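To keep things clear, I will list the structure first and then write my remarks on it.
Number of protein chains: 2
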Amino acid sequence: MPPRNHGPYTTESVDDYLKAILELGGLAEERVTSNALAQHLGVRAASVTGMLQKLAAQKPPFVKYEKHHGVRLTAAGKMRALEVLRHHRLLERFLHDFLDYSWDEVHDEAERLEHFISEQLEDRIAAKLGDPETDPHGHLIPERSGALPAREEVLLSKWACGVAAVISSVSDRDPAALREMTRLGLKPGVAITVETGTRNASLRVRIGERSDSVRLSQMLASGISVIAGPNGRARNLLADSHEANQAESRLP
Amino acid sequence: MPPRNHGPYTTESVDDYLKAILELGGLAEERVTSNALAQHLGVRAASVTGMLQKLAAQKPPFVKYEKHHGVRLTAAGKMRALEVLRHHRLLERFLHDFLDYSWDEVHDEAERLEHFISEQLEDRIAAKLGDPETDPHGHLIPERSGALPAREEVLLSKWACGVAAVISSVSDRDPAALREMTRLGLKPGVAITVETGTRNASLRVRIGERSDSVRLSQMLASGISVIAGPNGRARNLLADSHEANQAESRLP
DNA sequence: TTTAAGATTTAGTCATGCCTAAACTTATAG
DNA sequence: CTATAAGTTTAGGCATGACTAAATCTTAAA
Ligand SMILES: [Mn+2]
Ligand SMILES: [Mn+2]
Ligand SMILES: [Mn+2]
Ligand SMILES: [Mn+2]
Numbered sequence: 000m001p002p003r004n005h006g007p008y009t010t011e012s013v014d015d016y017l018k019a020i021l022e023l024g025g026l027a028e029e030r031v032t033s034n035a036l037a038q039h040l041g042v043r044a045a046s047v048t049g050m051l052q053k054l055a056a057q058k059p060p061f062v063k064y065e066k067h068h069g070v071r072l073t074a075a076g077k078m079r080a081l082e083v084l085r086h087h088r089l090l091e092r093f094l095h096d097f098l099d100y101s102w103d104e105v106h107d108e109a110e111r112l113e114h115f116i117s118e119q120l121e122d123r124i125a126a127k128l129g130d131p132e133t134d135p136h137g138h139l140i141p142e143r144s145g146a147l148p149a150r151e152e153v154l155l156s157k158w159a160c161g162v163a164a165v166i167s168s169v170s171d172r173d174p175a176a177l178r179e180m181t182r183l184g185l186k187p188g189v190a191i192t193v194e195t196g197t198r199n200a201s202l203r204v205r206i207g208e209r210s211d212s213v214r215l216s217q218m219l220a221s222g223i224s225v226i227a228g229p230n231g232r233a234r235n236l237l238a239d240s241h242e243a244n245q246a247e248s249r250l251p
Numbered sequence: 000m001p002p003r004n005h006g007p008y009t010t011e012s013v014d015d016y017l018k019a020i021l022e023l024g025g026l027a028e029e030r031v032t033s034n035a036l037a038q039h040l041g042v043r044a045a046s047v048t049g050m051l052q053k054l055a056a057q058k059p060p061f062v063k064y065e066k067h068h069g070v071r072l073t074a075a076g077k078m079r080a081l082e083v084l085r086h087h088r089l090l091e092r093f094l095h096d097f098l099d100y101s102w103d104e105v106h107d108e109a110e111r112l113e114h115f116i117s118e119q120l121e122d123r124i125a126a127k128l129g130d131p132e133t134d135p136h137g138h139l140i141p142e143r144s145g146a147l148p149a150r151e152e153v154l155l156s157k158w159a160c161g162v163a164a165v166i167s168s169v170s171d172r173d174p175a176a177l178r179e180m181t182r183l184g185l186k187p188g189v190a191i192t193v194e195t196g197t198r199n200a201s202l203r204v205r206i207g208e209r210s211d212s213v214r215l216s217q218m219l220a221s222g223i224s225v226i227a228g229p230n231g232r233a234r235n236l237l238a239d240s241h242e243a244n245q246a247e248s249r250l251p
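From first to last, the protein sequence lines are chains A and B.
In this text, residue positions in the first sequence follow numbering that gives the first Met the number 0: the first is 0, and each later residue adds one.
In this text, residue positions in the second sequence follow numbering that gives the first Met the number 0: the first is 0, and each later residue adds one.
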């Protein structure tokens, strides 16, 4: 049931592939491999190849595909991916703010509905919310135009010990992890500092105004992204300086 | 993407077939022919046969199907049809009351989304609306249990001339017709009386408190259902006494 | 440079749902 | 009691989007 918006019609599957390519390729538009897509989408690599060939072959192609070397989105493909991402995040914000969903419940519902709401409903929801900038997990909501400001976010596990940071966003994929974060007071906007010398299976952190510290599992820490803290320390003092910029905020 | 609720999983197509059977068979559960379904769903009769055979064959069957003699819903099929109908009408009420949709815009959006909202979202929407009894067009919303009170509604075109009536519901299928009704002040709850002796291509009616009368096209009149008016006249004084009870309120 | 492991693509299937054309029932008029 | 029209089902296909198994590239180690 395609007739949903204006542009080239897309199916739910196509939307999912485009979103996955945007997420895995990052805003930097890097090439994405079939295998990575297969894993992310939960389908076999052979299925991915088939779909990529179709997306690359259609009238206005959604991807540029080079055999054995992965794909990247075309302008049209990126536009549609950002459109779906906007739907997802607006829906999460709406479900959370207007329909009493907790932040660990919004993702699944939004993931399903994002493919089916019309541009009109998107607009009405955005208007009702006052054009919000972020979803309940701190992720930035693309504008109608597709504009999506980049933010120098870094995974907490890559952040330097002892340097004050503020949580910018958290992964919305694991409801149990989100509930655990709620219990610990971890949410976007909260200050956090990693205690020096704790970078093994778990790390100790000081959260918000509290004087005690708690131990975070690597699992939990890997779902938290941060930006420089209020005491304005330099932002590139990263723990593992190499390949530290691959955080990219877990797209959806 | 089935995993939406509890019961036997259904696809969007299956939902549409079940809804169509409920609508065409009426609450009286009459058998529905392949042809009627084909026309209603906009597919070929051969496609209908194929689907009916599948629906009748599955583990807990959704329909009882007798070759060459039409189908009727089983309890499971009726339950799912009413569930989807509840989604549709709740969504219409929600879009209308909370998201500034006009009553001629709600149908298409609801028709698409009804298949994809979770039971949780259904509940939250119902709660937010205070468990409404009708949608913006006056149609009754089935309860969560599937209960749907019957109402002795009759098409305006079958109602006796000169007998006061009240609009109970209007068809939501034609946006242009709905806008025309708005212009004329025709909506659920409004009193209406057909002037005697006007039962041809169009009929003159007196609307609400107004003293003048207007001419309604058969098109418009066929989309309006009424119940006995405030001055309590008998309800079975129907114009065309035979086959007058087939009104059944245009389900979705 | 060679080669094997790993990644990727091709080939051949399958399930859904729809379509057309042809065969077949049922119901109705003579 | 038939013949014919109308309604319905069967047969054979097509498009999507996934899967398995087998073939083919790439790449990196030897
Ligand atoms: Mn999705
Ligand atoms: Mn989110
Ligand atoms: Mn539908
Ligand atoms: Mn309605």
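Here a beta-carbon is modelled for each residue, glycine too, at the ideal position from N, C-alpha and C.
Nothing here was measured: the structure is a model prediction, and the numbers come from that model.
query, result
"List, in order along the chain, the chain A residues whose C-beta lies closer than 7 Å to that of F115 of chain B?", "R111, L112, F115"
"At what residues does the alpha helix (DSSP H) containing A149 of chain A begin and finish?", "Note, A149 of chain A: premise wrong, no alpha helix (DSSP H); not H, not E."
"Helix, strand or coil for Y64 of chain B per DSSP?", "strand"
"Of all the residues that make up the stretch 88-109 of chain B, which are near chain A by a beta-carbon distance shorter than 9 Å?", "L94, F97, L98, D99, Y100, E104, D107, E108"
"Can you have a look at D15 of chain A and say buried or exposed, based on whether 16 or more other CB atoms are within 10 angstroms of its CB?", "buried"
"On a Cα-Cα basis, can you pick out the residue from A:E132, A:R43, A:N34, A:G196 that is closest to P148 of chain A?", "A:E132"
"So, is the C-beta of I140 of chain B closer than 8 Å to a C-beta in chain A?", "no"
"With three or more C-beta pairs closer than 8 Å as the rule, is the stretch 80-93 of chain A touching the stretch 151-167 of chain A?", "no"
"What is the DSSP secondary structure of V189 of chain B, counted as helix, strand or coil?", "coil"
"Compute the minimum distance between the beta carbon of E91 of chain A and the heavy atoms of ligand 2, and state whether it is under 7 Å.", "yes"
"Show which residues of chain A have a CB atom less than 9 Å away from the CB atom of K127 of chain B.", "F97, L98, D99"
"Mind pulling the chain A residues with CB within less than 8 Å of I124 of chain B?", "L98"
"Against chain A, with Cβ distances strictly below 8 Å, would L120 of chain B count as a contact?", "yes"
"Taking only three categories from DSSP, how would you classify A164 of chain B?", "strand"
"Rounded to whole angstroms, what's the CA-CA distance from T32 of chain A to L81 of chain A? Just pull it up for me.", "20 Å"
"Taking 7 Å as the line, does the beta carbon of D15 of chain B fall inside it for any heavy atom of ligand 4?", "no"
"Could you tell me which of B:E121, B:R111, B:L128 sits nearest to S117 of chain A, measuring between CA atoms?", "B:R111"
"Quick check on A337 of chain A: does DSSP put it in helix, strand or coil?", "Because chain A here runs from 0 to 251, residue 337 of chain A falls outside it and cannot be looked at."
"My assumption, with CB atoms under 8 Å, is that R79 of chain A sits in contact with L17 of chain A. Please give the rounded CB distance.", "5 Å"
"Report yes if the C-beta of R88 of chain B is less than 7 Å from at least one heavy atom of ligand 4; otherwise report no.", "yes"
"Given S39 of chain B, which residues of its chain have a CB within under 7 Å of its CB, disregarding the five upstream and five downstream residues?", "Per the sequence shown, residue 39 of chain B should be read as His rather than Ser. For H39 of chain B, where only same-chain residues beyond five positions count, the Cβ hits under 7 Å are A19, L23."
"Since I206 of chain A is in the beta strand (DSSP E), which residue starts that stretch and which ends it?", "201-206"
"Hey, E152 of chain B and S167 of chain B are a contact pair by Cβ (cut 8 Å); roughly how many whole angstroms apart?", "5 Å"
"Could you tell me the distance, in whole angstroms, from the CA atom of M0 of chain A to the CA atom of A163 of chain B?", "Because the pLDDT at M0 of chain A is just 47, under 50, the model does not fix this residue reliably, and the point stays unresolved."
"Give a single yes or no on whether D134 of chain A has its beta carbon closer than 7 Å to a heavy atom of ligand 2.", "yes"
"The alpha helix (DSSP H) that contains L81 of chain B, what's its start and end?", "74-97"
"Considering only C-alpha positions, which residue in the set B:E28, B:V225, B:H114, B:G49 is nearest to A37 of chain B?", "B:G49"
"Does the CB of P1 of chain A have a neighbour CB from chain B at under 8 Å?", "Summary for P1 of chain A: the model assigns pLDDT 46, below 50, so the residue's position carries little reliability; its value from the coordinates is reported in the next sentence. It does not; no Cβ of chain B falls within 8 Å."
"Considering only their Cβ atoms, is the gap separating K127 of chain B from L98 of chain A smaller than 8 Å?", "yes"
"Using a Cβ-Cβ cutoff of less than 7 Å, which residues in the same chain neighbour L202 of chain B once the five nearest sequence positions on both sides are dropped?", "V193, L215, A220"
"Could you tell me which of B:V13, B:P141, B:E29 sits nearest to D122 of chain B, measuring between CA atoms?", "B:P141"
"For ligand 4, is there a heavy atom less than 7 Å away from the beta-carbon of H138 of chain B?", "yes"
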